[in-house]
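Down below is the structure, laid out as structure tokens.
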Amino acid sequence: MTQPIQHIDITAALDEKPESGPRLLPILPTSDLVLFPRIIMPLALWEEQAQTLVDEVLLRDKIMGVVANREESPEGFTHENLHRMGTAAVILKMRKPEDGSVRLLIQGLFRFRIEQWTDYEPYLTAYVSPVTEEYEPDLEMEALVSSVKGIFLKMLEISPYLPSELGALVRELGDPRVLADVTAGSLNVNKKEKQELLETTAVKERLRRVLILITRELEILELGKKIQSQVKGEMDKAQKDYYLREHIKALQKELGETDDRTREVDELEMRLDDAKLPPHALKEAERELGRLKRTPPTSPDHQVIRNYLEWMI
Numbered sequence: 000m001t002q003p004i005q006h007i008d009i010t011a012a013l014d015e016k017p018e019s020g021p022r023l024l025p026i027l028p029t030s031d032l033v034l035f036p037r038i039i040m041p042l043a044l045w046e047e048q049a050q051t052l053v054d055e056v057l058l059r060d061k062i063m064g065v066v067a068n069r070e071e072s073p074e075g076f077t078h079e080n081l082h083r084m085g086t087a088a089v090i091l092k093m094r095k096p097e098d099g100s101v102r103l104l105i106q107g108l109f110r111f112r113i114e115q116w117t118d119y120e121p122y123l124t125a126y127v128s129p130v131t132e133e134y135e136p137d138l139e140m141e142a143l144v145s146s147v148k149g150i151f152l153k154m155l156e157i158s159p160y161l162p163s164e165l166g167a168l169v170r171e172l173g174d175p176r177v178l179a180d181v182t183a184g185s186l187n188v189n190k191k192e193k194q195e196l197l198e199t200t201a202v203k204e205r206l207r208r209v210l211i212l213i214t215r216e217l218e219i220l221e222l223g224k225k226i227q228s229q230v231k232g233e234m235d236k237a238q239k240d241y242y243l244r245e246h247i248k249a250l251q252k253e254l255g256e257t258d259d260r261t262r263e264v265d266e267l268e269m270r271l272d273d274a275k276l277p278p279h280a281l282k283e284a285e286r287e288l289g290r291l292k293r294t295p296p297t298s299p300d301h302q303v304i305r306n307y308l309e310w311m312i
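According to numbering that gives the first Met the number 0, the sequence shown holds residues 0 to 312 in order.
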């Protein structure tokens, strides 16, 4: 039977300030997730070791460390293939559906660096030191904040995967550290790039990297939108041409024009397809073929157009 969602009081955890010295944390390894401070993310856990970790964390302060692995290993997660920097996270909600997984909603708290591994069973634990992010506000920082906000909001307008509500949050953000993490956590980039952003503790440099990535992503989205528009236009034109040809055929049938003419045009179309003409010549031939379809066989122009097409192909 599916267990209901467990709502957890995490007020103390969210208000918690990183301690200056090392602290012991249970470590949850992830294969495709890089969590940033302040970001809320869903997480599905299938491994028995991870589920045991969650059960015990919920009995204490609801806080654990989330660390991404460097690469997949046949032995599963081991401390050797994990990054040295991760994010402390608090469990906001937990439920256990019938599929055997544990579903979490977690929120990042602060960066940490792993100082020493302690236990490996029944799950990984380590002493970690919170990473302090120092920065001094100046004109360059203000310019970076303004640029990141502007480009990110433009990207948000055409992004198919980001919620529009994110725009209101980004507009109100005044802390450059929070802005860098919120925008970084929202980017559609690979795990390696996200880990590099997580490990960039200099706020100004992190904003620069975020600006480069969101500018690239905006360009990709704009190009994709342009390509979609072009393809749609070409499809609309092809569909319009098809219906026009069918309408002409129906009119010709109503006017009693013979099947010989239809076969004549079809034969010329097939020969035109096989001719492999250069683009400019193909365009001219298609234009003349269209004229031939619209010209009655009794018109003097009909034979002239046909002879011209015969000469071209």
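Just so it is clear, CB atoms sit at the ideal spot from N, CA and C, and this is done for glycine as well.
If you're wondering where the values come from, they're calculated on a predicted model, not measured in any experiment.
Assign ARG110 to one of three DSSP states: helix, strand, or coil. strand
What are the boundary residues of the alpha helix (DSSP H) that ARG293 is part of? 278-293
Smallest Cα separation from VAL127: which of LEU220, VAL66, ARG37? VAL66
Does GLY64 come out as helix, strand or coil in the three-state DSSP assignment? strand
Can you look up ALA12 in the DSSP assignment and give me helix, strand or coil? Legend: pLDDT at ALA12 = 46, less than 50; position of this residue unreliable, value from coordinates given subsequently. Looking at ALA12 - three-state DSSP - the assignment turns out to be helix.
Roughly how many angstroms separate the alpha carbons of GLU192 and ILE211, rounded to a whole number? 12 Å
How is the beta strand (DSSP E) around LEU186 delimited, first residue to last? Careful: LEU186 lies outside any beta strand (DSSP E) and carries neither H nor E.
Alpha-carbon to alpha-carbon, HIS279 and ASP31: 50 Å
Return the chain-ordered list of same chain residues with a C-beta closer than 6 Å to the C-beta of LYS282, the five sequence neighbours on each side being excluded. Counting only Cβ-Cβ distances below 6 Å, and skipping sequence neighbours, we find nothing.
ASP118 bridges to which residues according to DSSP? THR124, per the DSSP bridge assignment.
Rounded Cβ spacing between THR86 and ARG59 (contact assumed at less than 8 Å): That pair is no contact at about 18 Å.
Along the chain, where does the alpha helix (DSSP H) containing ILE157 start, and where does it finish? 138-157
Distance check for LEU34 and GLY184, CA to CA, integer angstroms please. Rounded to whole angstroms, GLY184 to LEU34 spans 7 Å at the Cα level.
Can you give me the C-alpha to C-alpha distance between ILE226 and SER158, rounded to a whole angstrom? 15 Å
Can you tell me whether THR51 is helix, strand or coil according to DSSP? helix
How big is the Cα-Cα spacing for PRO277 and LYS231? 25 Å
Could you check which residue in TRP45, MET140, LEU186 has the C-alpha nearest to that of ILE219? LEU186
Which residues DSSP lists as bridging ARG22, in chain order: VAL127
With 16 as the cutoff for other CB atoms within 10 Å, does PRO25 come out buried or exposed? buried
Grouping DSSP H, G and I as helix and E and B as strand, with all else coil, what is LEU172? coil
Would a check of beta-carbon distances place GLU135 closer than 8 Å to chain C? Looking at the structure shown, chain C is missing, and only one protein chain is on hand.
Using C-beta distances below 7 Å, list every residue in its chain close to LEU288, excluding the 5 sequence neighbours before and after it, in chain order. LEU267, GLU268, LEU271, LEU308
Measure the Cβ-Cβ separation of GLU91 and GLN115 and say whether it is below 8 Å. Per the sequence presented here, residue 91 reads as Leu, with Glu not at that position. Contact flag unset, no.
Cβ neighbours of MET311 in the same chain (closer than 6 Å, five flanking residues each side left out): ALA284
Any heavy atom of the ligand GTP within a distance shorter than 7 Å of the CB on ALA43? Of ligands this structure carries none, so the ligand GTP is not represented either.
Rounding to the nearest angstrom, what Cα-Cα distance links THR200 and THR131 in this structure? 8 Å
Take the Cβ of MET234 as the centre, count every other Cβ of all protein chains shown within 10 Å, and call the residue buried at 16 or more, exposed below. exposed
Let me confirm a value: ARG215 is counted as buried when at least 16 other C-beta atoms fall within 10 Å, else exposed. Which label applies? exposed
According to DSSP, simplified to helix, strand and coil, what is VAL230? helix
Taking its Cβ as the centre, do 16 or more other Cβ atoms sit within 10 Å of THR117, making it buried, or is it exposed? exposed
If you follow the beta strand (DSSP E) that ILE90 is in, where does it begin and where does it stop? 84-95
For a quick check, are the C-beta atoms of HIS82 and LEU123 less than 8 Å apart? no
Quick check on PRO162: buried or exposed, where buried means 16 or more other Cβ atoms within 10 Å of its Cβ? exposed
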